[in-house]
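Numbering of the sequence shown is given in my numbering, commencing with residue 68 and proceeding in unit increments.
Written out below as structure tokens is the structure these notes cover.
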Amino acid sequence: MRKKPDCLQNKQPPEIKPKTDRITQVREYQLITPLFGGGVEPNTYDPVSVVRATAIRGHLRFWWRACRGGGYKSLEDLKRAEDAIWGAAARTAQDGRQTGGQSPVWVAVTCENRGAVFTVRFKGNEPSEEVGNPKSPYSYVAFPLNESKGTVQEGVKFSLTITFLQAQAREVEAALWAWETFGGIGARTRRGFGALQLKCVTQNGQDVPLDLPPAVEHEVDKWLKKKLEHYVVAEAFPAMVPHLVRTPNMIIKHSSNALDVWAKLIKSLKDFRQDRRARDNTQSSYGHSVWPEPNMLRMRYRQQARGPFDNRVINAAPRGAFGLPIIFHMPHDSKIDTDNISLQLDEKRDRFASPLILKPLACQGGKAVGLALILEGTTVPEQLYLKGAPEGQANVTRTVTPEEARKIPPLNGNSDVLQAFLNFLKERN
């Protein structure tokens with residue numbers, strides 16, 4: 068063996084000390100609702116990369132903007148601040164400055180449990196794996212799986228290791244809290260899929276106490292508003308930036324079980340959006356829709372209005388407020404090809420994310436409450452586009468007047484459709 072030089076005899080290598088300007092957290096999660104998708108392909112489960120670090124980075128970027136995006140004079144200023152934390156492709160600005168570059172936030176994911184296929188229990192039937200089956204209590208928000216008969220995963224667990232600069236701690240922690248509270252992982256998170264429960268946190272190797280609310284409505288309300296006041300910038304946000312506010316428009320529903328309260332939230336949404344009435348104005352699942360969209364379509368195809376409200380034809384599509392696209396199913400109208408008709412944002416863009424968040428919120432003791440919240444700064448435009456409409460009939464208004472809203476029973480005279488839904492939800496047991 069080669070002998071060490073005299074100068075290195077009895078010398079120990081210098082101790083490698085952690086950088087004092089950085090924080091490393093390990094956060095462990097369990098999903099309290101099934102994972103929808105999560106893979107590279109949209110709406111597709113990937114057994115190899117069940118939860119991807121790139122997806123989480125995207126979620127954190129969105130929720131940072133939703134919490135910390137106030138006070139910037141323009142979208143350009145906001146984007147520069149965002150890129151300084153979360154990174155962006157390097158580029159040269161018009162003034163010659165170099166912008167973008169690698170993020171100082173490092174993210175890694177370890178999947179602890181890939182989960183198993185979620186089994187749905189239908190009333191009076193054997194358990195099934197088809198979450199999109201019409202008899203499933205979750206099918207209304209799993210519509211991409213209605214025809215494909217796909218599955219979703221339950222019991223997924225993973226840990227997130229995140230390292231960030233001490234100087235950016237509040238920025239990163241705001242994004243983490245908002246993502247854990249209002250977001251999730253995978254697809255359809257605004258309708259409750261992939262909801263997170265934070266199980267434990269360590270920071271630079273030391274345990275950090277969890278801060279979760281008790282599963283009591285007024286306590287959750289207090290906890291949320293306290294956290295929002297701490298993390299959300301109170302100044303104005305640039306236009307069309309979806310964001311949170313310190314006093315949000317929200318409803319909290321008591322429960323003890325995440326899946327039960329999630330099913331109740333979904334049923335409330337379905338009952339509100341699919342209210343049907345018989346000729347005597349009594350509610351009936353075999354009746355006609357009380358909403359104006361079906362007759363709005365019939366008008367454009369020169370067909371006679373139908374249903375108990377055929378004398379109240381309103382030329383609008385108010386349910387567009389919940390997000391786009393809207394797919395129509397009118398099997399009894401043989402002269403209207405609804406297979407090729409959809410309500411979308413404009414001629415080229417079909418999607419607009421729903422401003423409404425509907426999900427279970429994890430609380431202390433493994434319990435949960437139901438949460439419905441309207442994001443600010445993101446409103447579906449008033450003028451929409453009807454793809455597949457007859458020539459000259461493609462432009463559709465989303466809004467209704469208070470007088471028209473009085474003719475639509477679920478709205479109860481309120482022309483603000485999302486607020487009317489929150490009112491409806493508040494009154495339900």
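Backbone N, C-alpha and C define an ideal beta-carbon position, used for all residues, glycine too.
Computed from a prediction, not measured in an experiment: that's the story for all the values here.
Query                                                                                                               : Result
Whole-angstrom distance between residue 347 and residue 452, CA atom to CA atom                                     : 34 Å
Beta-carbon separation (whole angstroms), residue 376 vs residue 293, contact threshold 8 Å                         : Actually they do not touch by this definition, with Cβ atoms about 45 Å apart.
Residue environment, residue 68, which counts as buried when at least 16 other CB atoms sit within 10 Å             : The pLDDT assigned to residue 68 is 49, lower than 50, so where the model puts this residue is not dependable, and the model offers no usable value.
Given 8 Å, three or more beta-carbon pairs between the stretch 221-236 and the stretch 166-185                      : yes
Backbone secondary structure at residue 185 - three-state DSSP                                                      : coil
Given 8 Å, three or more beta-carbon pairs between the stretch 406-426 and the stretch 278-297                      : no
Range covered by the alpha helix (DSSP H) that runs through residue 205                                             : Per DSSP, residue 205 belongs to no alpha helix (DSSP H) and is neither H nor E.
C-beta atoms of residue 134 and residue 277 nearer than 8 Å                                                         : no
Sub-8 Å separation of residue 463 and residue 385 beta-carbons                                                      : no
Inter-stretch contact (C-beta, 8 Å, three-pair minimum) for the stretch 236-245 and the stretch 295-315             : yes
Other residues of its chain near residue 74: CB distance less than 8 Å, five sequence neighbours each side excluded : A caution first: residue 74 carries a pLDDT of 45, below 50, which makes its placement in the model unreliable, though a value can still be read off. Once the five neighbours on either side are set aside, residue 74 has no close Cβ partner at all.
DSSP bridge partner residues for residue 350 (one or two, in chain order)                                           : 344
Straight-line Cα distance separating residue 471 from residue 480                                                   : 8 Å
With 16 other Cβ atoms within 10 Å as the buried cut-off, status of residue 194                                     : exposed
Identity of the residue in 251, 200, 172 and 262 nearest residue 232 by Cα                                          : 172
Terminal residues of the alpha helix (DSSP H) in which residue 63 lies                                              : One cannot answer for residue 63 here, as it falls past the ends of the chain, which runs 68 to 496.
Where residue 258 sits in the DSSP three-state scheme                                                               : helix
contact_flag[the stretch 333-342, the stretch 485-492] where n(CB pairs < 8 Å) is 3 or more                         : yes
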